[in-house]
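Participant: Numbering (our numbering), first residue to last: 128 to 360.
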């Protein structure tokens, strides 16, 4: 058995339907998974930069990736499963880049719900080596934060409750996010107007409490979307 790190990224937490659908697919389509944690948290940038994403340090997207993952809450899940489940989870998610997933794996999670580029719904350990490394550093991180692993029966019930709460939330057709992103890529001087469009779309998908109390989070995430498009890939 191996422990696998999986988390909903900020786009899938803010866009409640996307997060609910992703978790439902994980439960329904891949059997034999034990869930040991299910925590909503804002992750420290230092931990992301120095540990979780350290292999990407020096790459053109590194700083953006850290900002993206820390700009709003994630939903962290530690999974215990047999080694072959790693590839099954990765296949369920689809290719890392959304445009590729959209074209080559349209029925994958990222093909259906990814926004553009690296804004791709969720993270999952992609090999036995990465699963061992990531689970080790994340378990230590959770311990420092005072978060304990729990009985899988408790966790699966929490996940099912989360799904039931958000599965009927509104969803914007992801093709619209892609259209706006491609327009921005061709017209970078329109960044301000596209950001306002992103805010408008996101405001239709987040829960009322977030929109009422944490609108700045939505605005900050819209800025992340703009920067994502303007990265030199």
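The beta carbon of each residue, even a glycine, is placed where N, CA and C say it ideally should be. Every value quoted in this text rests on a predicted model; they were computed, and no experiment measured them.
#1: Could you check the C-alpha separation between residue 245 and residue 277 for me, to the nearest Å?
#2: Note down the Cα distance separating residue 264 from residue 170, rounded to an integer number of angstroms.
#3: Can you find at least 3 beta carbon pairs, one from the segment 138 to 156 and one from the segment 242 to 256, that sit closer than 8 angstroms?
#4: Whole angstroms are fine: how far does the CA of residue 328 sit from the CA of residue 258?
#5: Taking three-plus beta-carbon pairs below 8 angstroms as touching, is the segment 204 to 217 in contact with the segment 175 to 188?
#6: When the Cα atoms are used, what is the spatial distance from residue 350 to residue 315?
#7: Which of the three DSSP states is assigned to residue 167 in this structure?
#8: Can you tell me whether DSSP reads residue 240 as helix, strand or coil?
#9: When you compare the CB positions of residue 204 and residue 165, do they come within less than 7 angstroms of one another, or not?
#10: With DSSP as the reference, label residue 190 as helix, strand or coil.
#11: Which runs of the beta strand (DSSP E) at least 3 residues long sit entirely within the segment 243 to 295? Give them in chain order.
#12: Flag this pair as touching only if the segment 318 to 327 and the segment 281 to 295 have three or more C-beta atom pairs under 8 angstroms; answer yes or no.
Facilitator: Once the coordinates are examined:
#1: 31 angstroms
#2: 13 angstroms
#3: yes
#4: 34 angstroms
#5: no
#6: 13 angstroms
#7: strand
#8: helix
#9: yes
#10: helix
#11: 249 to 251
#12: no
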